[in-house]
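Numbering (my numbering), first residue to last: 81 to 343.
Even glycine gets a Cβ: it sits at the ideal position worked out from N, Cα and C.
Quick caveat, the model's predicted, so the values are computed rather than measured.
What follows is a set of notes on a single structure, which appears directly below.
Listed below in C-alpha coordinates is the structure:
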(Lines of atoms letter the chains of each structure in order from A and count residues from 1; the text may use other names and numbers.)
(Lines give C-alpha, C1' and ligand atoms only; values in the text may rest on other atoms or scores of the structure.)
Protein backbone atom coordinates (compact mmCIF):
# COMPACT_ATOMS: atom_id res chain seq x y z
CA UNK A 1 0.00 0.00 0.00
CA UNK A 2 1.51 3.33 -1.01
CA UNK A 3 1.35 6.23 1.37
CA UNK A 4 -0.56 8.99 -0.35
CA UNK A 5 -0.12 11.66 2.31
CA UNK A 6 2.58 12.82 4.75
CA UNK A 7 2.40 10.04 7.29
CA UNK A 8 2.66 11.29 10.73
CA UNK A 9 6.35 13.64 9.77
CA UNK A 10 20.61 8.29 31.46
CA UNK A 11 24.55 6.83 39.77
CA UNK A 12 25.25 8.89 42.43
CA UNK A 13 26.73 12.18 41.33
CA UNK A 14 30.52 12.14 41.22
CA UNK A 15 32.98 14.99 41.14
CA UNK A 16 31.98 16.87 38.00
CA UNK A 17 33.51 19.92 36.41
CA UNK A 18 30.50 21.39 34.66
CA UNK A 19 30.20 24.60 32.73
CA UNK A 20 27.02 26.67 32.70
CA UNK A 21 26.64 25.76 29.04
CA UNK A 22 26.10 22.14 29.98
CA UNK A 23 22.91 23.12 31.75
CA UNK A 24 21.61 25.19 28.86
CA UNK A 25 18.60 23.78 27.14
CA UNK A 26 19.32 22.93 23.48
CA UNK A 27 17.98 25.47 21.03
CA UNK A 28 17.23 22.99 18.26
CA UNK A 29 17.41 19.24 17.90
CA UNK A 30 16.77 18.78 14.20
CA UNK A 31 18.88 16.39 12.18
CA UNK A 32 19.62 19.20 9.75
CA UNK A 33 21.61 21.09 12.38
CA UNK A 34 23.03 18.53 14.79
CA UNK A 35 24.60 16.46 12.04
CA UNK A 36 26.60 19.46 10.83
CA UNK A 37 27.26 21.10 14.21
CA UNK A 38 30.93 21.58 15.11
CA UNK A 39 32.25 19.55 18.03
CA UNK A 40 32.23 21.80 21.09
CA UNK A 41 32.99 20.52 24.59
CA UNK A 42 30.60 22.04 27.09
CA UNK A 43 31.63 20.12 30.22
CA UNK A 44 34.39 17.86 31.52
CA UNK A 45 32.82 15.43 33.99
CA UNK A 46 34.68 12.40 35.34
CA UNK A 47 32.91 10.24 32.75
CA UNK A 48 34.66 12.07 29.91
CA UNK A 49 34.24 15.22 27.80
CA UNK A 50 30.63 16.15 27.09
CA UNK A 51 29.86 17.81 23.76
CA UNK A 52 26.81 19.67 22.55
CA UNK A 53 25.94 16.70 20.37
CA UNK A 54 26.20 14.37 23.36
CA UNK A 55 23.82 16.57 25.36
CA UNK A 56 21.38 16.86 22.49
CA UNK A 57 21.43 13.09 22.04
CA UNK A 58 20.40 12.52 25.67
CA UNK A 59 17.54 14.97 25.18
CA UNK A 60 16.51 13.27 21.93
CA UNK A 61 16.33 9.87 23.62
CA UNK A 62 14.06 11.31 26.29
CA UNK A 63 11.85 13.14 23.78
CA UNK A 64 11.50 10.04 21.62
CA UNK A 65 10.09 8.10 24.54
CA UNK A 66 7.63 10.85 25.38
CA UNK A 67 5.79 10.27 22.11
CA UNK A 68 6.56 6.66 21.25
CA UNK A 69 5.48 5.32 24.66
CA UNK A 70 1.91 6.67 24.34
CA UNK A 71 1.85 5.60 20.69
CA UNK A 72 2.71 2.10 21.87
CA UNK A 73 -0.30 2.30 24.16
CA UNK A 74 -2.43 3.40 21.24
CA UNK A 75 -1.29 0.31 19.36
CA UNK A 76 -2.52 -1.87 22.22
CA UNK A 77 -5.88 -0.11 22.06
CA UNK A 78 -6.32 0.25 18.32
CA UNK A 79 -4.15 -2.34 16.60
CA UNK A 80 -6.19 -4.76 14.58
CA UNK A 81 -3.49 -7.42 14.22
CA UNK A 82 -1.32 -9.30 16.74
CA UNK A 83 1.84 -7.98 15.01
CA UNK A 84 0.78 -4.35 15.47
CA UNK A 85 -0.09 -4.92 19.12
CA UNK A 86 3.24 -6.70 19.64
CA UNK A 87 5.03 -3.71 18.11
CA UNK A 88 3.18 -1.49 20.56
CA UNK A 89 4.39 -3.63 23.46
CA UNK A 90 7.98 -3.25 22.25
CA UNK A 91 7.62 0.54 22.09
CA UNK A 92 6.33 0.67 25.66
CA UNK A 93 8.93 -1.63 27.20
CA UNK A 94 11.83 -0.30 25.10
CA UNK A 95 11.19 3.34 25.90
CA UNK A 96 10.50 2.68 29.57
CA UNK A 97 14.02 1.22 29.75
CA UNK A 98 15.61 4.00 27.72
CA UNK A 99 13.77 6.63 29.74
CA UNK A 100 15.17 5.28 33.01
CA UNK A 101 18.71 5.36 31.60
CA UNK A 102 18.40 8.79 30.01
CA UNK A 103 17.07 10.32 33.24
CA UNK A 104 19.90 8.69 35.22
CA UNK A 105 22.56 9.94 32.80
CA UNK A 106 21.03 13.41 32.61
CA UNK A 107 21.11 13.73 36.41
CA UNK A 108 24.76 12.66 36.48
CA UNK A 109 25.72 15.13 33.75
CA UNK A 110 23.50 18.07 34.72
CA UNK A 111 21.41 17.93 31.55
CA UNK A 112 17.93 19.40 31.57
CA UNK A 113 15.33 17.05 30.08
CA UNK A 114 11.90 17.83 28.65
CA UNK A 115 8.63 16.50 30.00
CA UNK A 116 6.83 16.78 26.69
CA UNK A 117 7.79 15.79 23.14
CA UNK A 118 8.42 18.34 20.40
CA UNK A 119 5.47 19.89 18.53
CA UNK A 120 6.34 17.72 15.53
CA UNK A 121 6.30 14.59 17.67
CA UNK A 122 3.00 15.66 19.17
CA UNK A 123 1.80 15.81 15.58
CA UNK A 124 2.67 12.15 15.11
CA UNK A 125 0.61 11.26 18.17
CA UNK A 126 -2.29 13.39 16.99
CA UNK A 127 -2.31 11.70 13.59
CA UNK A 128 -2.39 8.23 15.10
CA UNK A 129 -4.94 9.27 17.73
CA UNK A 130 -7.28 10.19 14.90
CA UNK A 131 -6.76 6.98 12.96
CA UNK A 132 -8.70 3.78 13.35
CA UNK A 133 -8.87 0.31 11.88
CA UNK A 134 -6.41 -0.72 9.21
CA UNK A 135 -5.50 2.91 8.55
CA UNK A 136 -4.13 3.11 12.09
CA UNK A 137 -2.14 -0.08 11.54
CA UNK A 138 -0.60 1.18 8.30
CA UNK A 139 0.17 4.71 9.50
CA UNK A 140 1.58 3.35 12.78
CA UNK A 141 3.95 0.91 11.05
CA UNK A 142 5.19 3.42 8.48
CA UNK A 143 5.54 6.50 10.72
CA UNK A 144 7.49 4.51 13.31
CA UNK A 145 9.61 2.73 10.69
CA UNK A 146 10.55 6.05 9.06
CA UNK A 147 11.42 7.86 12.29
CA UNK A 148 13.43 4.93 13.66
CA UNK A 149 15.27 4.58 10.37
CA UNK A 150 16.18 8.26 10.47
CA UNK A 151 17.45 8.22 14.07
CA UNK A 152 19.44 4.99 13.60
CA UNK A 153 22.35 6.79 11.91
CA UNK A 154 22.38 9.47 14.62
CA UNK A 155 22.71 6.81 17.32
CA UNK A 156 25.59 5.21 15.39
CA UNK A 157 27.40 8.55 15.00
CA UNK A 158 27.14 9.37 18.70
CA UNK A 159 28.32 5.86 19.62
CA UNK A 160 31.30 6.19 17.28
CA UNK A 161 32.37 9.70 18.34
CA UNK A 162 31.44 10.36 21.97
CA UNK A 163 34.22 10.36 24.58
CA UNK A 164 31.76 10.28 27.47
CA UNK A 165 31.29 6.79 28.92
CA UNK A 166 27.72 7.47 30.13
CA UNK A 167 26.59 8.76 26.76
CA UNK A 168 28.28 5.76 25.13
CA UNK A 169 26.31 3.38 27.36
CA UNK A 170 23.07 5.16 26.48
CA UNK A 171 23.94 4.94 22.79
CA UNK A 172 24.54 1.19 23.11
CA UNK A 173 21.10 0.75 24.67
CA UNK A 174 19.47 3.06 22.15
CA UNK A 175 21.06 1.17 19.26
CA UNK A 176 19.61 -2.12 20.46
CA UNK A 177 16.20 -0.58 21.12
CA UNK A 178 15.93 1.25 17.81
CA UNK A 179 16.95 -1.86 15.87
CA UNK A 180 14.35 -3.88 17.77
CA UNK A 181 11.67 -1.33 16.95
CA UNK A 182 12.64 -1.24 13.29
CA UNK A 183 12.39 -5.02 13.22
CA UNK A 184 8.95 -5.26 14.84
CA UNK A 185 7.57 -2.59 12.52
CA UNK A 186 8.79 -4.58 9.53
CA UNK A 187 7.23 -7.73 10.95
CA UNK A 188 3.80 -6.12 10.71
CA UNK A 189 4.02 -6.63 6.93
CA UNK A 190 2.65 -3.10 6.45
CA UNK A 191 5.84 -1.12 5.76
CA UNK A 192 5.96 0.51 2.34
CA UNK A 193 9.71 0.32 1.78
CA UNK A 194 9.72 2.50 -1.34
CA UNK A 195 8.12 5.37 0.55
CA UNK A 196 10.18 4.72 3.68
CA UNK A 197 13.44 5.05 1.73
CA UNK A 198 12.26 8.28 0.13
CA UNK A 199 11.24 9.74 3.48
CA UNK A 200 14.49 8.66 5.16
CA UNK A 201 16.74 10.09 2.48
CA UNK A 202 14.79 13.24 1.61
CA UNK A 203 14.46 14.97 4.95
CA UNK A 204 12.04 17.88 4.75
CA UNK A 205 12.85 21.33 6.08
CA UNK A 206 10.93 21.72 9.30
CA UNK A 207 10.86 24.96 11.35
CA UNK A 208 13.22 24.80 14.34
CA UNK A 209 10.41 25.47 16.78
CA UNK A 210 8.67 22.29 15.68
CA UNK A 211 11.73 20.14 16.36
CA UNK A 212 12.50 21.21 19.92
CA UNK A 213 10.65 19.78 22.91
CA UNK A 214 9.57 22.51 25.32
CA UNK A 215 11.81 23.10 28.33
CA UNK A 216 10.25 22.02 31.63
CA UNK A 217 8.69 24.75 33.72
CA UNK A 218 10.08 25.53 37.19
CA UNK A 219 8.65 23.10 39.70
CA UNK A 220 7.12 20.90 37.02
CA UNK A 221 7.11 17.26 38.16
CA UNK A 222 9.30 14.86 36.19
CA UNK A 223 7.41 12.52 33.90
CA UNK A 224 8.44 8.89 34.36
CA UNK A 225 7.68 6.29 31.69
CA UNK A 226 6.96 3.28 33.83
CA UNK A 227 7.53 -0.24 32.51
CA UNK A 228 4.39 -2.35 32.21
CA UNK A 229 3.74 -5.00 34.81
CA UNK A 230 5.18 -8.31 33.67
CA UNK A 231 7.58 -6.76 31.16
CA UNK A 232 5.89 -6.30 27.80
CA UNK A 233 2.28 -6.89 28.71
CA UNK A 234 -0.36 -4.21 28.66
CA UNK A 235 -0.38 -1.99 31.76
CA UNK A 236 -3.00 -2.85 34.34
CA UNK A 237 -6.25 -1.05 33.76
CA UNK A 238 -5.73 -0.71 30.04
CA UNK A 239 -3.50 1.71 28.19
CA UNK A 240 -3.52 4.58 30.67
CA UNK A 241 -0.87 7.20 30.07
CA UNK A 242 1.83 8.04 32.62
CA UNK A 243 0.98 10.97 34.85
CA UNK A 244 2.74 14.30 34.79
CA UNK A 245 2.63 15.33 31.17
CA UNK A 246 3.09 12.48 28.71
CA UNK A 247 -0.49 12.76 27.64
CA UNK A 248 -1.95 12.71 24.20
CA UNK A 249 -2.69 16.08 22.60
CA UNK A 250 -6.07 17.41 23.55
CA UNK A 251 -8.75 17.14 20.91
CA UNK A 252 -8.80 20.11 18.65
CA UNK A 253 -5.23 21.17 19.40
CA UNK A 254 -3.47 22.87 16.51
CA UNK A 255 -0.47 20.74 15.63
CA UNK A 256 2.13 20.86 12.86
CA UNK A 257 2.00 18.74 9.77
CA UNK A 258 3.33 15.35 10.94
CA UNK A 259 6.06 14.80 8.35
CA UNK A 260 8.67 12.43 9.82
CA UNK A 261 12.19 13.74 10.34
CA UNK A 262 13.57 12.27 13.55
CA UNK A 263 12.59 9.61 16.06
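Close-in-space but distant-in-sequence residues of the same chain around residue i (CB under 6 angstroms, 5 per side omitted)
i: residue 152; result: 168, 171, 172
i: residue 137; result: 238
i: residue 179; result: 145, 305
i: residue 262; result: 228
i: residue 251; result: 235, 238, 239
Whole-number beta carbon distance between residue j and residue i, since they are thought to touch under 8 angstroms
i: residue 176; j: residue 307; result: 4 angstroms
i: residue 296; j: residue 181; result: Going by Cβ atoms, the distance from residue 296 to residue 181 rounds to 19 angstroms, so no, they are not a contact pair.
i: residue 147; j: residue 185; result: Between residue 185 and residue 147 the Cβ distance is about 20 angstroms, and since that is not below 8 angstroms, they are no contact.
i: residue 200; j: residue 255; result: About 23 angstroms; that fails the 8 angstroms criterion.
Nearest-angstrom Cα separation, counted from residue j out to residue i
i: residue 286; j: residue 215; result: 25 angstroms
i: residue 174; j: residue 309; result: 13 angstroms
i: residue 275; j: residue 150; result: 25 angstroms
i: residue 23; j: residue 265; result: As shown, the chain starts at 81 and ends at 343. That puts residue 23 outside it, with no answer to give.
i: residue 209; j: residue 154; result: 7 angstroms
i: residue 260; j: residue 183; result: 21 angstroms
i: residue 235; j: residue 242; result: 11 angstroms
i: residue 270; j: residue 217; result: 8 angstroms
i: residue 163; j: residue 142; result: 25 angstroms
i: residue 139; j: residue 165; result: 27 angstroms
i: residue 253; j: residue 247; result: 10 angstroms
i: residue 222; j: residue 267; result: 12 angstroms
i: residue 161; j: residue 127; result: 45 angstroms
i: residue 38; j: residue 224; result: Outside the displayed span of the chain (81 to 343) sits residue 38, for which this structure offers no information.
i: residue 351; j: residue 187; result: In this structure the chain extends from 81 to 343, so residue 351 is not present and cannot be described.
i: residue 156; j: residue 298; result: 34 angstroms
i: residue 249; j: residue 120; result: 20 angstroms
i: residue 213; j: residue 277; result: 25 angstroms
i: residue 232; j: residue 258; result: 7 angstroms
Other residues of its chain near residue i: CB distance less than 8 angstroms, five sequence neighbours each side excluded
i: residue 211; result: 158, 219, 220
i: residue 281; result: none
Neighbourhood of residue i by C-beta, 7 angstroms cutoff - its chain only, sequence neighbours within 5 removed
i: residue 245; result: 127, 128
task: Check whether the segment 295-305 touches the segment 194-201, taking contact to mean three or more Cβ pairs, one atom from each stretch, closer than 8 angstroms.
output: yes
task: Can you check the segment 230-306 for any alpha helix (DSSP H) of at least 4 residues that lies completely inside it and give the ranges in chain order?
output: 245-266, 273-281, 288-291
task: Please go through the segment 158-243 and give each complete alpha helix (DSSP H) segment of 4 or more residues, from N-terminal end onward.
output: 162-189, 199-210, 213-241
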